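Protein chains in written order, with our numbering: chain L, 447 to 720; chain S, -2 to 303. Using N, Cα and C, we set each Cβ at its ideal position, and we do this for glycine too. Predicted, not measured: the structure shown is a model, and the values here were computed from it.
Shown next as structure tokens:
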């Protein structure tokens, strides 16, 4: 609090921070608010409480199909991204080899490329190869953009990890794989769970790649995009958005709990941007 | 790869003969371990981008591609008014968005880092939540706020500031600016926060002891030491906003369309892949130059501090 006294403006700063966070949450909290509003036009004053927009979700087969597709794509993408992430994060933290920087650079590159460019590049290659666009191509696109996040979460898991435990295991006669499975893996398990959840959330909310790479099947964001043209469908979309928001919140909270458990265990802070 | 591994092994063997083979296998293991992920990125990212670069030098006649080398697509991308303007607008907008976002985010990151106390990581997590909700839905929510029948208009009507709803809020560049500034806020807060956390607090005490007031102390100690975070935040916000597709389409209206929308038109329905490729490559090159300029500024300030 010494800094507060020296700086004098701590109260002003706090007020600003509160206003800024309100600005961040305003559009997000309007979704649930209007999803319970009786009127078909999202507007103030609110006209009355209703569950009907949620009920209408269950009666829309296209929406349910999209939800199922999103769940499948998210599961496949998060498992693949995490497996690839484990390989890369382990190689980056445990080993030193030539070309490591360049290889890591390429793996992390999707973070610094606009998604539209990744999307059109994949689209061109798939169509040139004569392959059909499908949910599978969406999965591959999602894996590509999830891997950097997965690697970042997992590196925090692998770092600060007591190497002597692995050495002890090897000295006691375990094979390299046995050591990895019985010593390393349990230690980084929280980071792995965190990576799965973060990847799933990214895939669940990802739009541009899914929009470009999908065939006739749509994921939830692609479905929402299609509905935005019809004003009358907006309340149902708001209800769907609220459900997705709650799902993302739950998944990320669990991911954060696992990340912190890992941070406590390995004494390494740092999530996605640490 | 094997040759490189052997080379390293031999070099190491010269200095520590007994451990040479061990080091060689270490290198080989590392390469083997990273290769699935690396090969995936090679096949799904590097190769497709090379294909796009190749396309940008070709031409298309209806559905057949003519593979004669030409710079015609780049001439169109850089000189035709429509594409030139879209590129220019995208760059100016993303530069404005990233500068504004960083300016707005810095005090929040500062507050969390210096006044967050025990709740630092909780505050950080709370700030992160909105960014993880569907981007599409957040953009749509801004549409609901800024629209003719929207929240902002009804609020202003309610308190009597205006007599009738205004159409001035939605479907223009400002709407795109607000939406993007909101969408990428967290990506500015986090790197700045990380750099603020690294600031050695004893330096600040020293500055105070030597007679610096809060403002001088901030300008001469905190700000220079957090330049890296500021530059990182600028780059992290700039890159995705240059190529943003959703926000311009949903809230931008006629004047808010950006380069990504033009790229989409050229690729969907087989319109003109080579031109779309040239637009994509130009965008990538410009982004690289802008990021490079930011890093150069960072290096320059880093040298000045020392």
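So, does the CB of residue 539/L fall closer than 8 Å to a CB anywhere in chain S?
Here the question's residue 539/L lines up with position 93 in the first chain. Judged by the 8 Å Cβ criterion, residue 539/L is not in contact with chain S.
In chain L, which residues lie with their C-beta within 7 Å of the C-beta of residue 26/S?
Along the second chain, one-based indexing puts residue 26/S at 29. By Cβ distance, chain L contributes 541.
Say yes only if the C-beta of residue 525/L is nearer than 7 Å to one or more non-hydrogen atoms of the ligand HEM, and no if none qualify.
Here there are no bound small molecules, and the ligand HEM is not part of this structure.
Could you give the distance in angstroms between the alpha-carbon of residue 160/S and the alpha-carbon of residue 146/S?
Against the second chain, residue 160/S aligns to sequence position 163. Against the second chain, residue 146/S aligns to sequence position 149. In a straight line, the C-alpha of residue 160/S is about 13 Å away from that of residue 146/S.
Could you work out which residues of chain L lie near residue 139/S, taking near to mean beta carbons separated by less than 8 Å?
Walking along the second chain from the start, residue 139/S turns up at place 142. Taking the beta carbon of residue 139/S as reference, the chain L residues within 8 Å of it are 473, listed in sequence order.
What separation, rounded to the nearest whole angstrom, lies between the Cα atoms of residue 574/L and residue 22/S?
In the first chain, counting from the first residue as 1, residue 574/L sits at position 128. In the second chain, counting from the first residue as 1, residue 22/S sits at position 25. Approximately 40 Å between the Cα atoms of the pair.
For a cutoff of 8 Å on Cβ pairs, would you count residue 260/S as touching chain L?
Mapped onto the second chain, residue 260/S falls at position 263. For residue 260/S, the answer is yes, since a Cβ of chain L falls inside 8 Å of its Cβ.
Going straight from the alpha carbon of residue 499/L to that of residue 483/L, what length do you get?
Your numbering for residue 499/L matches position 53 in the first chain. Your numbering for residue 483/L matches position 37 in the first chain. If I take the Cα positions, the gap works out to 9 Å.
Selected residue, minimal CA-CA separation from residue 224/S, among 293/S, 140/S and 78/S:
For this step, residue 224/S is matched to residue 227 along the second chain. Nearest of 293/S, 140/S and 78/S to residue 224/S, Cα basis: 293/S.
Along the chain, which unbroken stretches of the beta strand (DSSP E) at least 3 residues long are found entirely within the stretch 18 to 76 of chain S?
56 to 58 and 61 to 63
Compare the C-alpha of residue 87/S against each of 27/S, 194/S, 246/S and 241/S and name the closest.
If you number the second chain from 1, residue 87/S lands on position 90. Minimum Cα distance to residue 87/S is reached at 241/S.
If the cut-off is 9 Å on Cβ atoms, which residues from the stretch 481 to 515 of chain L count as contacting chain S, listed in chain order?
If the cut-off is 9 Å between Cβ atoms, the stretch 481 to 515 of chain L has 487, 488, 489, 490 and 491 near chain S.
Closer than 8 Å at the beta carbon, the chain L residues around residue 270/S:
Here residue 270/S refers to the residue found at position 273 of the second chain. Correct list: 570.
Looking at residue 98/S and residue 323/S, is the spacing between their C-beta atoms short of 8 Å?
With chain S covering -2 to 303 only, the question about residue 323/S has no answer from this structure.
Can you pull the DSSP bridge partners for residue 543/L?
Locating residue 543/L in the first chain gives position 97, where the first residue counts as 1. Among the bridge pairs identified by DSSP, residue 543/L is matched with none.
Interface partners of residue 116/S on chain L, CB under 9 Å
By 1-based counting over the second chain, the position of residue 116/S is 119. Those within 9 Å of residue 116/S in chain L number zero; the least Cβ separation is about 12 Å.
Assuming residue 243/S is part of the alpha helix (DSSP H), what are its boundary residues?
Reading the second chain from its first residue, position 246 is the one you call residue 243/S. Unbroken alpha helix (DSSP H) run through residue 243/S: 243 to 248.
Run through DSSP, which three-state label would residue 708/L get?
Working through the first chain from its first residue, we reach residue 708/L at position 262. It is helical.
Within 8 Å of any Cβ in chain L, is that where the Cβ of residue 41/S sits?
In the second chain, the residue the question calls residue 41/S occupies position 44. Taking CB atoms only, residue 41/S has a neighbour in chain L less than 8 Å away.
Confirm, please, whether the CB-CB distance from residue 249/S to residue 173/S is below 8 Å.
Along the second chain, read from residue 1 onward, the residue named residue 173/S stands at position 176. Along the second chain, read from residue 1 onward, the residue named residue 249/S stands at position 252. Contact flag set, yes.
CB-CB length for residue 42/S against residue 564/L, believed under 8 Å:
Residue mapping note: residue 42/S aligns to position 45 of the second chain, counting from 1. Residue mapping note: residue 564/L aligns to position 118 of the first chain, counting from 1. Between residue 564/L and residue 42/S the Cβ distance is about 7 Å, and since that is below 8 Å, they are a contact.
Helix, strand or coil: how does DSSP classify residue 184/S here?
Position 187 of the second chain, counted from the start, is the residue given in the question as residue 184/S. The answer is helix: DSSP assigns residue 184/S an H, G or I state.
Nearest neighbour of residue 300/S, chosen from 275/S, 237/S and 222/S [CA to CA]
Stepping through the second chain from its first residue, residue 300/S is reached at position 303. Residue nearest to residue 300/S within the set 275/S, 237/S and 222/S is 222/S (criterion: CA-CA distance).
What residue range does the alpha helix (DSSP H) around residue 150/S cover?
Numbered from 1 along the second chain, position 153 holds the residue referred to as residue 150/S. Following the DSSP letters along the chain, one finds residue 150/S inside the alpha helix (DSSP H) bounded by residues 148 to 155.
Helix, strand or coil: how does DSSP classify residue 483/L here?
As a first step, residue 483/L must be located in the first chain, where it is residue number 37. The answer is strand: DSSP assigns residue 483/L an E or B state.
Rounded to whole angstroms, what is the Cα-Cα separation between residue 229/S and residue 91/S?
Here the question's residue 229/S lines up with position 232 in the second chain. Here the question's residue 91/S lines up with position 94 in the second chain. For residue 229/S and residue 91/S, the distance between alpha carbons rounds to 15 Å.
Would residue 630/L pass as an interface residue toward chain S - the criterion being a Cβ-Cβ separation below 8 Å?
By 1-based counting over the first chain, the position of residue 630/L is 184. The beta-carbon of residue 630/L is placed no less than 8 Å from the nearest beta-carbon of chain S.
Could you check whether residue 170/S and residue 252/S sit closer than 8 Å to each other, using their CB atoms as the reference points?
Locating residue 252/S in the second chain gives position 255, counting from the first residue. Locating residue 170/S in the second chain gives position 173, counting from the first residue. Their beta carbons are under 8 Å apart, which means residue 252/S touches residue 170/S by this criterion.
Bridge partner(s) assigned by DSSP for residue 495/L
Position 49 of the first chain, counted from the first residue, corresponds to residue 495/L. Paired residue(s): 483/L.
For residue 509/L, I'd like the list of residues in its chain whose CB is within less than 7 Å of its CB, leaving aside the five on either flank, ordered along the chain.
The sequence position of residue 509/L within the first chain is 63, counting from 1. Cβ within range, chain order: 503, 669 and 686.
Are any of the Cβ atoms in chain L nearer than 8 Å to that of residue 249/S?
Position 252 of the second chain, counted from the first residue, corresponds to residue 249/S. So, not an interface residue.
Counting contacts by CB-CB distance shorter than 8 Å, is residue 297/S in contact with chain L?
The count along the second chain starts at 1 and reaches residue 297/S at position 300. By this cut-off, residue 297/S is not an interface position.
Residue from 643/L, 681/L and 684/L with nearest C-alpha to residue 701/L:
As a first step, residue 701/L must be located in the first chain, where it is residue number 255. Selected option, being the one with the closest Cα: 643/L.
Beta carbons nearer than 7 Å to chain S: which residues of the stretch 632 to 666 of chain L have them?
647, 651, 653 and 654
Whole alpha helix (DSSP H) runs in the stretch 91 to 150 of chain S with 4 or more residues, listed along the chain?
117 to 129 and 132 to 143
Grouping DSSP H, G and I as helix and E and B as strand, with all else coil, what is residue 591/L?
On the first chain, position 145 is the one that residue 591/L refers to. In the structure shown, residue 591/L adopts helical secondary structure according to DSSP, grouped into three states.
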